[in-house]
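Quick note: the working numbering has the sequence shown finishing at residue 441, numbered continuously throughout.
Yeah, the Cβ is synthetic: ideal placement off N, Cα and C, and Gly gets one too.
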Amino acid sequence: MKRLLAITAAALILAVLLLPSFAGQISGEVLKGTPVLDGVLDEIYTQSASATLDNPNFYIWGDCEGTDTTGTVYFLWDTSYLYVAVDVTDSTILPSIEEGGWQQDSAELWFTDEDLVFKVHASWDGDFFLGGDGDGSTAFDFDKSKHAEAKKPDGTGYVVEVALPLNNLAAGRTFDSSLQINDIVTEDYQNGAASGTQTCDFTYTLSDKEALPPVIETEPPETEPPAPEPAPEPEAPAPVAEPAPEAAAPAAQTGNSAAIVILALAAAFGSAVIAKKR
Ligand SMILES: [Ca+2]
Ligand SMILES: [Ca+2]
Numbered sequence: 164m165k166r167l168l169a170i171t172a173a174a175l176i177l178a179v180l181l182l183p184s185f186a187g188q189i190s191g192e193v194l195k196g197t198p199v200l201d202g203v204l205d206e207i208y209t210q211s212a213s214a215t216l217d218n219p220n221f222y223i224w225g226d227c228e229g230t231d232t233t234g235t236v237y238f239l240w241d242t243s244y245l246y247v248a249v250d251v252t253d254s255t256i257l258p259s260i261e262e263g264g265w266q267q268d269s270a271e272l273w274f275t276d277e278d279l280v281f282k283v284h285a286s287w288d289g290d291f292f293l294g295g296d297g298d299g300s301t302a303f304d305f306d307k308s309k310h311a312e313a314k315k316p317d318g319t320g321y322v323v324e325v326a327l328p329l330n331n332l333a334a335g336r337t338f339d340s341s342l343q344i345n346d347i348v349t350e351d352y353q354n355g356a357a358s359g360t361q362t363c364d365f366t367y368t369l370s371d372k373e374a375l376p377p378v379i380e381t382e383p384p385e386t387e388p389p390a391p392e393p394a395p396e397p398e399a400p401a402p403v404a405e406p407a408p409e410a411a412a413p414a415a416q417t418g419n420s421a422a423i424v425i426l427a428l429a430a431a432f433g434s435a436v437i438a439k440k441r
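Shown next, in the form of structure tokens:
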């Protein structure tokens, strides 16, 4: 029985390994939302249209045997811009050099929009290019404040963001796009691989639906607040001061008087008895 379980587990693991690692388009519904252009993936992107990198290592150059780079592209829109963010995993993040041209650690986004084919090239360290004419070779003028790139804090990759001023931004509008990621593995850009596609296979549609701002949860207090102290017992009323006892009447004096009276009576009584006997 144990042997059968072991074989089944091994077969499952092999089946998982044989599955394609890249899922393609996850959603084509682009929600309304305005992110911050800072090279950090805003939470609202993750509610909206996205696609993961597919077709790994479709072009390899130099001595590179392919890389394991992965990435996800996200879209948002408002009445001014179509926003695009790419979250890239790259274990060899290397600086761009001018001679490298497109061969840099960079995301490339391909678009077909109103019969115009263009591409966005954005390296992790800010080398940015927006080009048209079918193969993306002719640079368009572009406001440099409308893109941002940054290495992720944990060093596992980078994020690029761009705000594209597309025409006629309104719900129901569509465009086609695809994601490509270039990954160089040596600083001289002579070795690397490109993954993804340039064929704009996925169609995206702008939606009226709004991306919801994330709920900011407040941290509960770590410990229970101390129990309130019991209310103090009401103090006993102060005893009413008893009037000081009056000085005792001089009993001795009264006693003396009484004794004198008794003695006088006794003497008189005695005299009367004596007189009677005589
Ligand atoms: Ca951002
Ligand atoms: Ca790299």
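Inter-residue spacing [alpha-carbon to alpha-carbon] between residue 279 and residue 350: 34 Å
Does DSSP put residue 263 in a helix, in a strand, or in coil? Secondary structure at residue 263: helix, using DSSP grouped into helix, strand and coil.
Taking 6 Å as the cut-off, is the CB of residue 198 close to at least one heavy atom of ligand 1? yes
DSSP three-state assignment for residue 314, whether helix, strand or coil: strand
Leaving out five residues before and five after residue 240 in sequence, what residues of the same chain have Cβ atoms less than 7 Å from its Cβ? 193, 195, 246, 332 and 369
According to the neighbour-count rule (16 or more other Cβ atoms, all chains shown, within 10 Å of its Cβ), is residue 383 buried or exposed? exposed
Consider the C-beta atom of residue 304 and the heavy atoms of ligand 1; say whether any pair is separated by less than 6 Å. no
May I have a chain-ordered list of the beta strand (DSSP E) segments no shorter than 3 residues that lie completely inside the stretch 182-238? The qualifying runs are 188-190, 192-195, 213-215 and 222-224.
Contact shell at 6 Å, judged by CB to any heavy atom of ligand 2, ordered along the chain: 253, 255, 256, 257, 268, 346, 347 and 348
I'd like to confirm the pairing. Which residues does DSSP put opposite residue 321 in its beta bridges? 251 and 314
Where does residue 300 sit, in a helix, a strand or coil, going by DSSP? coil
Ligand 1 and residue 205: does the residue's C-beta get closer than 6 Å to at least one heavy atom of that ligand? yes
Compare the Cα-Cα distances from residue 216 to each of 316, 319 and 359 and report the closest residue. 359
Relative to the C-alpha of residue 224, which residue among 361, 251, 371 and 354 is closest? 354
Going by the DSSP bridge assignment, what does residue 257 pair with across the sheet? DSSP lists no partner for residue 257.
Would you list the one or two residues that DSSP bridges to residue 125? With the chain covering only 164 through 441, there is no way to say anything about residue 125.
Collapsed DSSP secondary structure at residue 358 in the structure displayed: In the structure shown, residue 358 adopts extended strand secondary structure according to DSSP, grouped into three states.
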